[in-house]
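Report on the following structure.
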Amino acid sequence: MQKLAETRYPIHELLRERWSPRAFADRMVEPEKLRSLLEAARWAPSSFNEQPWSFIVATKEHPGEYERLLSCLVEGNIRWAQHAPVLMLSVARLAFERNQKPNRHAFHDVGLAAENLVIQATALGLAVHQMAGFHVDKARELFSIPDGHEPVAALVLGFPGDPAGLPEDLREREVAPRIRKPLESFVFSGQWGQPSPLVHGKAR
Ligand SMILES: Cc1cc2nc3c(=O)[nH]c(=O)nc-3n(C[C@H](O)[C@H](O)[C@H](O)COP(=O)(O)O)c2cc1C
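According to the numbering used here, the sequence shown is numbered sequentially starting from 9.
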């Protein structure tokens, strides 16, 4: 199933195609594809080239590890995520390695790495659904995540599946249109809150 973004201005096809499904096919993801996703994450930009990201990866080929990561998700996410073949958890290192000073952009940079991973996944015909809905302290404990590191987001990934297999409430959300705020509401010029003429009014 596709849910192409309806854009006002043209964007790259991969960005139009990316979305966050809950239906995943019962099909494993080849390790070389997973390696490509992680390689894409590796080449994300980061403040001072700190690369503050780590990813914990669990696939259904290793049921113990998979169940452990799955158990960190909130119930509402486990419902659908349990059918996907791969789970990941992104983790940020909060201080710079070189001087131990706080890295104010650690989460930002982990997000950049995650988006690289997601777009690479889209290019390979895979889908990724990121989640804030997980138990941070449980993940910290179950995976021995060291001090100075913060779990950021859980990721579910696999090949897209058939929405018909979802429970009804989730199926409705699966087929609902994707919505976004208009550009005028977040692109400003001159001062905060003043929509930029670049995206406002007749300048189309
Ligand atoms: C950091 C982050 C956390 C999210 N947390 C959840 C979540 O816990 N459960 C969920 O179903 N979707 C979650 N989402 C998915 C968003 O709801 C989704 O990206 C948004 O509605 C836009 O839809 P789209 O990705 O299909 O364009 C999360 C997305 C991100 C980036």
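Positions of the beta carbon are idealized from the N, C-alpha and C atoms, including for glycine.
Please read these numbers as outputs of a predicted model, since none were measured by experiment.
Assigned secondary structure, residue i (DSSP; H/G/I helix, E/B strand, else coil)
i, result
"residue 128", "helix"
"residue 204", "coil"
"residue 51", "coil"
"residue 163", "strand"
"residue 103", "strand"
"residue 14", "coil"
"residue 37", "coil"
"residue 211", "With a pLDDT of only 44 at residue 211, under 50, the local geometry of the prediction cannot be trusted, and no value is derived from it."
"residue 98", "strand"
"residue 194", "coil"
"residue 58", "coil"
"residue 154", "coil"
"residue 171", "helix"
From the options, residue whose alpha carbon lies closest to that of residue i
i, options, result
"residue 106", "23, 186, 183, 58", "58"
"residue 99", "86, 90, 85, 114", "114"
"residue 85", "37, 178, 199, 190", "178"
"residue 94", "186, 138, 51, 52", "138"
"residue 71", "82, 36, 101, 159", "36"
"residue 147", "40, 209, 78, 9", "78"
8 Å contact criterion, which residue i and residue j should meet: CB distance rounded
i, j, result
"residue 92", "residue 183", "Not a contact, Cβ separation roughly 18 Å."
"residue 144", "residue 136", "With 8 Å as the limit, residue 144 and residue 136 do not qualify as a contact, their Cβ atoms being about 20 Å apart."
"residue 76", "residue 66", "7 Å"
"residue 48", "residue 122", "Incorrect: roughly 10 Å between the Cβ atoms, too far for contact."
"residue 191", "residue 30", "Not quite, the Cβ-Cβ distance comes to about 28 Å (not below 8 Å), so this is no contact."
"residue 9", "residue 168", "6 Å"
"residue 118", "residue 154", "That belief does not hold up - the Cβ atoms of residue 118 and residue 154 are roughly 16 Å apart, past 8 Å."
Span of the alpha helix (DSSP H) around residue i
i, result
"residue 75", "71-78"
"residue 147", "144-150"
"residue 183", "176-183"
"residue 135", "From DSSP, residue 135 is part of no alpha helix (DSSP H) but of the beta strand (DSSP E) over 135-139."
"residue 24", "21-25"
"residue 86", "83-89"
Residue i - containing beta strand (DSSP E), residue span
i, result
"residue 66", "61-67"
Contact under 8 Å by Cβ, residue i with residue j
i, j, result
"residue 12", "residue 25", "yes"
"residue 162", "residue 194", "no"
"residue 22", "residue 130", "yes"
"residue 52", "residue 166", "no"
"residue 111", "residue 120", "no"
"residue 206", "residue 159", "no"
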